[in-house]
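Visitor: Numbering (the working numbering), first residue to last: -9 to 266.
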C-alpha cells in the first residue's frame, strides 16, 4: 500500500481485521517520507506487519527504477527507525524453512539447527552433525520474499513492461470493469513469472506482452487458495490468500485504486490442501 493513502486503504481492508492504531498510522506517514528521501526511492509502500511474541515487525519496501527487480525491504520495531533487510537468497530460504513456530520479535536472535552432513573423503563415508545458527533477521527476509513471490497481487494492466524489460506503473490504467474485477484471471502475481515461461507459443498468442508478463492467479495450486468477494455494497473487490493468511488485496473497480497488505504470523498454511 502506498503510504500516502494509508488511512484510506486500511479502511477498505478493515473487514479482515487488519488495523493500525491512529498513532501508528501518523508515525508511519511521517517516518516513511523521511525514509524515501534518505534512500532516494522512487516511491515507498507499507508492506504490512509480521507478528512476534515479544515485538512486531513493521515492513516497508522502497522502489527504484524497476517495480519488481529494484526493490529494497526494510523493517522497524517502532514505526520510526528503519533497518535494511539482506536480500533473500535461495540458500537463505532453504536454511530458514526448517525453523518452526512464531517469530520472536528480536532480529538478533539465533536459531540453532542441527544438520547431518556426509563426509565423503577417504574410503568410507562418515556422517557428521553440524550446528547451524540462523538469525531471525534472515528468517524475516526469507518469509517476506516468499510472501511476495506467492501472494503479492496486482490487477491486470496496472503495470507495464517496457521494451527494455523494466516494469513501471501504468499511468493510463483506469481500473478493471465490475465484470472483470470478479474474475480471478484478472489478477497477477506481482513477481517474476514461473508458469508463463512454460506456456507454448500458441498459448501466448492472445497475450499482450506489455501487460501479460506475470503469472495469473487462476493457475495457482491448490485450486481454491484465494477468496474473492465484493464488499461495501459491491463497491470494493477484496482478495484474501488462504495460503498466507493475513494477505489481503483490494481494488475499486473503474478506478486505479488498488493495493495489498500483509498482517500475520509470517507462517505458511501448509494444511490448506487438506482443508479445501
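Even for Gly, the Cβ is constructed at its ideal location relative to N, Cα and C. Please read all numbers here as calculations on a predicted model, not as lab measurements.
#1: Note down the Cα distance separating residue 183 from residue 19, rounded to an integer number of angstroms.
#2: Using 8 Å as the Cβ pair cut-off and three pairs as the minimum, do the stretch 62 to 72 and the stretch 151 to 161 touch?
#3: Check for me: the alpha helix (DSSP H) holding residue 263 runs from which residue to which?
#4: Quick check on the burial criterion: 16 or more other C-beta atoms within 10 angstroms. Buried or exposed for residue 39?
#5: Among the residues of its own chain, which have a CB less than 8 Å from the CB of residue 246, if the five just before and after it don't count?
#6: Return the first residue and the last residue of the beta strand (DSSP E) that residue 221 is part of.
#7: Look up residue 255 in the DSSP assignment and say whether it is helix, strand or coil.
#8: At which residue ranges does the stretch 63 to 149 contain complete alpha helix (DSSP H) runs of 4 or more residues, listed in the order of the chain?
#9: Pull up the distance between the alpha-carbon of residue 73 and that of residue 35, whole angstroms please.
#10: Note down, one range per segment and in chain order, each alpha helix (DSSP H) of at least 4 residues found wholly within the stretch 166 to 204.
#11: According to the Cβ coordinates, are residue 267 and residue 235 closer than 8 Å?
#12: Helix, strand or coil for residue 23? Go by DSSP, reduced to three states.
#13: Given a cut-off of 8 Å on the beta-carbon distance, is the pair residue 86 and residue 128 in contact?
#14: Tell me, to the nearest whole angstrom, how far the beta carbon of residue 144 is from that of residue 55; I am working on the premise that it is less than 8 Å.
#15: Can you look up residue 268 in the DSSP assignment and give me helix, strand or coil?
#16: Just to confirm before moving on: does the CB-CB distance between residue 286 and residue 150 stay below 8 Å?
#17: Between which two residues does the alpha helix (DSSP H) containing residue -2 stretch?
#18: Would the stretch 100 to 110 and the stretch 134 to 141 be scored as touching if the rule is three or more Cβ pairs under 8 Å?
#19: In angstroms, rounded to a whole number, what distance separates the CA positions of residue 199 and residue 240?
#20: Going by beta carbon distance, what residues of the same chain come within less than 8 Å of residue 26, once the five residues before and after it are set aside?
#21: Would you kindly work out how many angstroms separate the C-alpha atoms of residue 160 and residue -3, rounded to a whole number?
#22: Between residue 89 and residue 135, which are expected to be in contact by the criterion C-beta below 8 Å, what is the C-beta distance as a whole number of angstroms?
#23: Would you call residue 256 buried or exposed, if buried means 16 or more other Cβ atoms sit within 10 Å of its Cβ?
#24: Can you say whether residue 204 is buried or exposed, counting buried as having 16 or more other CB atoms within 10 angstroms of its CB?
#25: What does DSSP give as the partner residue(s) for residue -8 in the beta ladder?
#26: Is the beta carbon of residue 70 less than 8 Å from the beta carbon of residue 21?
#27: When burial is assigned at 16 or more other CB atoms within 10 Å of the CB, is residue 107 buried or exposed?
Guide: According to the data block:
#1: Your numbering for residue 183 matches position 193 in the chain shown. Your numbering for residue 19 matches position 29 in the chain shown. Each residue's alpha carbon lies about 32 Å from the other.
#2: Using a Cβ-Cβ distance cut-off of 8 Å, the stretch 62 to 72 and the stretch 151 to 161 are not in contact, since fewer than three pairs of beta carbons, one from each stretch, lie closer than that value.
#3: Within the chain shown, numbered from 1, the residue matching residue 263 stands at position 273. First-last of the alpha helix (DSSP H) with residue 263: 262 to 265.
#4: For the purposes of this step, residue 39 is taken as the residue at position 49 of the chain shown. By the 10 Å Cβ count, residue 39 comes out buried.
#5: As a working note, residue 246 is residue 256 in the chain shown. Closer than 8 Å at the Cβ level, and outside the excluded window around residue 246, lie 148, 163, 164 and 165.
#6: Sequence index remark: in the chain shown, residue 221 carries index 231 (1-based). 216 to 221 is the extent of the beta strand (DSSP E) around residue 221.
#7: Within the chain shown, residue 255 is the residue found at index 265, counting from 1. Coil.
#8: Here the runs fully enclosed are 80 to 86 and 126 to 141.
#9: Within the chain shown, the letter at position 83 stands for residue 73. Within the chain shown, the letter at position 45 stands for residue 35. If I take the Cα positions, the gap works out to 15 Å.
#10: 168 to 171
#11: Here the chain comprises residues numbered -9 to 266, so residue 267 is not present and cannot be evaluated.
#12: Locating residue 23 in the chain shown gives position 33, where the first residue counts as 1. In the structure shown, residue 23 sits in a helix (DSSP, three-state: H, G or I).
#13: Taking the first residue of the chain shown as 1, we reach residue 86 at position 96. Taking the first residue of the chain shown as 1, we reach residue 128 at position 138. Taking 8 Å as the Cβ cut-off, residue 86 and residue 128 qualify as a contacting pair.
#14: Locating residue 144 in the chain shown gives position 154, counting from the first residue. Locating residue 55 in the chain shown gives position 65, counting from the first residue. Actually they are not in contact, since the Cβ atoms of residue 144 and residue 55 sit about 18 Å apart, beyond 8 Å.
#15: Summary: the structure shown does not reach residue 268, with the chain confined to residues -9 through 266, and so no result is reported for it.
#16: Because the chain is modelled from -9 through 266, residue 286 falls outside the range shown and cannot be assessed.
#17: By one-based count along the chain shown, residue -2 stands at place 8. The continuous alpha helix (DSSP H) containing residue -2 extends over residues -4 to 2.
#18: no
#19: As a first step, residue 199 is located in the chain shown; it is residue number 209 there, counting from the start. As a first step, residue 240 is located in the chain shown; it is residue number 250 there, counting from the start. Rounded to the nearest angstrom, the two C-alpha atoms are 25 Å apart.
#20: As a first step, residue 26 is located in the chain shown; it is residue number 36 there, counting from the start. Correct list, in chain order: 33, 34 and 52.
#21: One-based indexing of the chain shown puts residue 160 at position 170. One-based indexing of the chain shown puts residue -3 at position 7. If I take the Cα positions, the gap works out to 23 Å.
#22: In the chain shown, residue 89 corresponds to position 99, counting from 1. In the chain shown, residue 135 corresponds to position 145, counting from 1. So it is not a contact: roughly 15 Å between Cβ atoms.
#23: As a position in the chain shown, residue 256 is number 266, starting the count at 1. By the neighbour-count definition (other C-beta atoms within 10 Å, threshold 16), residue 256 is a buried residue.
#24: Residue mapping note: residue 204 aligns to position 214 of the chain shown, counting from 1. Buried, because 16 or more other Cβ atoms sit within 10 Å of the Cβ of residue 204.
#25: Taking the chain shown and counting its residues from 1, one reaches residue -8 at position 2. Answer is 35.
#26: Position 80 of the chain shown, counting from 1, holds the residue named residue 70. Position 31 of the chain shown, counting from 1, holds the residue named residue 21. In this structure, residue 21 lies closer than 8 Å to residue 70 by Cβ.
#27: Sequence index remark: in the chain shown, residue 107 carries index 117 (1-based). Exposed: under 16 other Cβ atoms inside 10 Å.
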